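Residues in the sequence shown are numbered from 23 upward in steps of one, following our numbering.
Note that CB positions come from ideal geometry on N, CA and C, so glycine has one too.
Keep in mind the model is a prediction, meaning the values are calculated, not measured.
Notes for the one structure printed next.
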Amino acid sequence: YFIHNCYSHVIFFGFFIMFLMSFVLYFYGNSFKFNLKRSDSRMIELILQVLVVNFLVIMAGPGFWLIQYQGRMFRQSELTLKVIGHQWYWSYEYGDDSSLVFDSFMKPLDDLGLGDFRLFDVDNRCVLPVGVNIGLYCTSSDVIHSFAVPKCFVKMDALNGLLMKITFNFSCCGLFYGQCSEICGANHSFMPIAL
23 YFIHNCYSHV IFFGFFIMFL MSFVLYFYGN SFKFNLKRSD SRMIELILQV LVVNFLVIMA
83 GPGFWLIQYQ GRMFRQSELT LKVIGHQWYW SYEYGDDSSL VFDSFMKPLD DLGLGDFRLF
143 DVDNRCVLPV GVNIGLYCTS SDVIHSFAVP KCFVKMDALN GLLMKITFNF SCCGLFYGQC
203 SEICGANHSF MPIAL
């Protein structure tokens, strides 16, 4: 919710500045006479610099707060889930000690039942609790992958040798589907995610 509000404010301010600049250029663009020997516009320059600095502070403030919030949330996570991207399946490890490990492959067409989604259903679904802060680590064993579940607002790159982390929680029960959203090879479109 907070990220959505930040993006809304950024887009609003961006369009406002574009509109203001277009207005000034359209109505006053040809009427400016520049005198290079004389510069008496120091007050206007100062006002514009103050406006730009204020705009940057307004835009950066929520971002800094969000970084701090994510750090606090990750320290307070009650469940740790490690996701490893392979060509062309996902591995899941529950807990800090990796006590439960399993692979998740796309279901073949022959195994699909009534109500299953083609190209989205997997043989082993990752089951996560509702209302619990989940610390998600994501990495890859080979090429670049991207763990993306749009309904959960989760999208993070899985890079070989790098451990990415994010914290999220589910506010309601459900079955959430996603896919690898990075072109990682021939079977890139056959790496579904089911949470």
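Who are the Cβ neighbours of residue i in its own chain at under 6 Å, not counting the five residues just before and after it?
i, result
"Ile188", "Leu158, Met178"
"Ser13", "Because the chain is modelled from 23 through 217, residue 13 falls outside the range shown and cannot be assessed."
"Cys28", "Pro84"
"Cys195", "Val152"
Quick one: is residue i buried, meaning 16 or more other Cβ sit within 10 Å of its Cβ, or exposed?
i, result
"Gln90", "exposed"
"Glu204", "buried"
"Ile39", "exposed"
"Tyr48", "exposed"
"Ile69", "exposed"
Which of helix, strand or coil does DSSP assign to residue i?
i, result
"Phe124", "strand"
"Leu141", "coil"
"Trp112", "strand"
"Phe192", "strand"
"Leu101", "strand"
"Phe49", "helix"
"Phe169", "strand"
"Asn27", "helix"
"His130", "It is worth fixing the name first, because residue 130 is Pro in this sequence and not His. Coil at Pro130, not helix or strand."
In its own chain, which residues sit with a C-beta less than 7 Å from the C-beta of residue i, not counting the 5 before and 5 after it?
i, result
"Lys129", "Asp138, Asp143, Val144, Asp145"
"Pro172", "Gly200"
"Val154", "Glu100, Leu101, Asn191"
Return the Cβ separation of residue i and residue j in integer angstroms, given the expectation that the two are a contact with Cβ distance under 8 Å.
i, j, result
"Ala208", "Cys148", "Not quite, the Cβ-Cβ distance comes to about 24 Å (not below 8 Å), so this is no contact."
"Ser113", "Asp125", "5 Å"
"Leu122", "Pro214", "The pair is not a contact, with the Cβ atoms about 20 Å apart (cut-off 8 Å)."
"Tyr111", "Phe127", "5 Å"
Identify the residues that DSSP records as bridge partners of residue i: which are they?
i, result
"Cys206", "Its beta-bridge partners do not exist; DSSP assigns none."
"Lys187", "Tyr159"
"Gly153", "Per DSSP, none; premise fails for Gly153."
"Gly200", "Ile215"
"Gly107", "Trp112, Ser162"
"Met178", "Phe169"
Could you check whether the Cβ of residue i sits closer than 6 Å to any heavy atom belonging to the ligand ATP?
i, result
"Trp112", "The model on display carries no ligand, and the ligand ATP is accordingly not part of it."
So, for residue i: in the same chain, excluding its five sequence neighbours on each side, which residues have a beta-carbon less than 8 Å away from its beta-carbon?
i, result
"Asn182", "Thr161, Ser162, Ser163, Asp164, Val165, Ile166"
"Pro151", "Leu101, Phe192"
"Met186", "Tyr159, Cys160, Thr161, Met178, Asp179, Ala180"
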